[in-house]
Amino acid sequence: MPLDDFHAISGSKLFQKITIVGPGLLGTSLGMAIHARDSAMRISVWARREESRNACLQASWCHEASDNLEEALSGSDLAVLCTPVVHLSEILGKIGSILPANCLLTDVGSTKAEICMTAEQAAIKNFVGSHPIAGSEKSGMDYADSALFEGRPCFVTPSENTSVENADKITAFWKWLGMRIIQVAPKEHDRILAQVSHLPHLLASALCNFLSKQSRACREGAGQGLRDATRIAAGSPKIWSDIAQHNSKEILEALDLFSEEISQLKHIIANQDFADLEKWLEEGKAFRDSIA
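If you're matching positions, the sequence shown starts at 116 in the numbering used here and goes up one per residue.
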């Protein structure tokens with residue numbers, strides 16, 4: 116079916132039952148967003164922890180919850196893997212044998228090359244990688260928001276063997292949730308995210324680590340500017356350590372490129388060339404204004 120046809124139909128006609136694997140911030144927000152757009156669609160949840168399953172079952176958006184993955188997937192025509200990236204390869208290695216024959220599979224992982232390669236090695240033909248750029252420095256179900264995906268970008272990363280129809284269905288699904296789609300190859304996704312997501316987080320943490328070693332007055336004199344610049348450093352250290360582990364090559368390349376930018380800044384200031392500094396600052400401001 117052409118992609119335009121998918122755009123014209125509701126989510127319930129595109130998928131009848133969706134299984135969310137891992138109801139953290141993104142998984143819970145996803146369930147809420149789906150339910151808000153189509154309360155008739157059936158939503159199933161897989162979660163290891165009983166308290167997570169109970170919390171989902173008490174919510175209006177969740178119809179069933181299980182700690183048995185095969186049971187949670189039964190009857191689904193879409194499954195979305197929302198577990199931390201460090202667990203995705205493990206799940207992909209197991210899910211192929213229990214995935215319903217016509218069930219499309221995607222994920223929300225923040226790295227893609229290794230995940231997509233694992234899916235291919237596991238011979239999961241219905242897998243299409245995706246990465247909604249939505250979230251916050253907070254984590255967990257308590258911070259879920261049905262509007263989390265609205266107006267945000269989402270990467271869809273088909274591999275060479277991905278069918279056009281499956282990629283179109285995943286694209287239509289995220290568009291139905293209000294997202295803007297960027298389609299790239301898995302490795303290109305990891306290069307881009309190293310620069311626009313992973314590097315900024317590590318730099319914010321580096322600045323916080325640097326300031327923590329300075330005088331107490333640095334902490335006491337901190338204003339809103341520092342809080343704005345370092346907000347993302349409050350994110351989960353475990354999650355970001357896992358991300359760095361899975362995308363270390365691209366992050367190191369991004370750090371090298373950024374080091375060149377810092378060297379240029381040092382050179383400008385050392386030479387007292389403040390006309391060049393103003394131009395450098397204007398270029399940075401122009402980019403920031405373009406993404407506001």
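Built from N, CA and C at the ideal position, the CB exists for glycine as well.
query	result
Can you list the beta strand (DSSP E) stretches of 3 or more residues lying completely in the segment 170-246, in chain order?	179-181, 193-196, 219-222
Just curious, the alpha helix (DSSP H) that residue 132 is in, first and last residue?	Note, residue 132: premise wrong, no alpha helix (DSSP H); beta strand (DSSP E) at 132-136.
Sorted by chain position, which residues of the same chain lie with C-beta nearer than 7 Å to residue 301's C-beta, five sequence neighbours on each side aside?	227, 228, 231, 244, 272, 274
Please return the same chain residues whose Cβ sits closer than 6 Å to the Cβ of residue 409, not counting the five positions on each side in sequence.	Since the first residue shown for the chain is 116 and the last is 407, residue 409 is missing from the structure and cannot be characterised.
Between the segment 146-162 and the segment 171-180, are three or more C-beta pairs nearer than 8 Å?	yes
Check the C-beta distance from residue 192 over to residue 218 and give it rounded, since I have them as a contact under 8 Å.	6 Å
Going by beta-carbon coordinates alone, are residue 337 and residue 322 separated by less than 9 Å?	no
Count the C-beta pairs between the segment 284-297 and the segment 259-267 that are closer than 8 Å, then say yes if the count reaches three, no if not.	yes
Could you tell me how far apart the beta carbons of residue 239 and residue 207 are, in whole angstroms, since I believe they sit closer than 8 Å?	7 Å
Among the residues of its own chain, which have a CB less than 6 Å from the CB of residue 251, if the five just before and after it don't count?	none
Between the Cα of residue 257 and the Cα atoms of 401, 139, 340, which residue gives the shortest distance?	139
Over what stretch of residues does the beta strand (DSSP E) that includes residue 159 continue unbroken?	157-161
Looking at the strands, I want to know which residues DSSP matches up with residue 268.	295
From what residue to what residue does the alpha helix (DSSP H) around residue 352 run?	352-361
Less than 9 Å between the beta carbons of residue 195 and residue 233, yes or no?	no
Around the C-beta of residue 304, are 16 or more other C-beta atoms found within 10 angstroms, so that it is buried, or is it exposed?	buried
Can you name, in chain order, every residue of its own chain whose Cβ lies under 8 Å from the Cβ of residue 405, other than the five neighbours on each side?	none
Using only CA atoms, which one of 340, 283, 157 lies nearest to residue 131?	157
Report yes if the C-beta distance between residue 314 and residue 370 is below 9 Å; otherwise report no.	yes
My guess is that residue 288 and residue 129 are in contact by the Cβ rule of under 8 Å, so how many angstroms apart are they, rounded?	7 Å
State yes or no: is the C-beta of residue 306 within less than 9 Å of the C-beta of residue 235?	no
Assuming the contact rule is C-beta atoms closer than 8 Å, residue 134 and residue 187 should be a hit. Round their C-beta distance to whole Å, please.	5 Å
Figure out for me which residue from 351, 357, 320, 354 has the closest Cα to the Cα of residue 341.	320
Spatial neighbours of residue 118 within its chain, please: C-beta separation below 7 Å, excluding the five flanking residues on both sides.	Reliability fails at residue 118, whose pLDDT of 46 lies under 50, so the model's placement of it is uncertain and no value is given.
So is residue 380 in contact with chain C if we call contact Cβ pairs under 9 Å?	Looking for chain C here will not work: only one protein chain is present.
Terminal residues of the continuous alpha helix (DSSP H) containing residue 273?	Where residue 273 is concerned, there is no enclosing alpha helix (DSSP H), given that its DSSP letter is neither H nor E.
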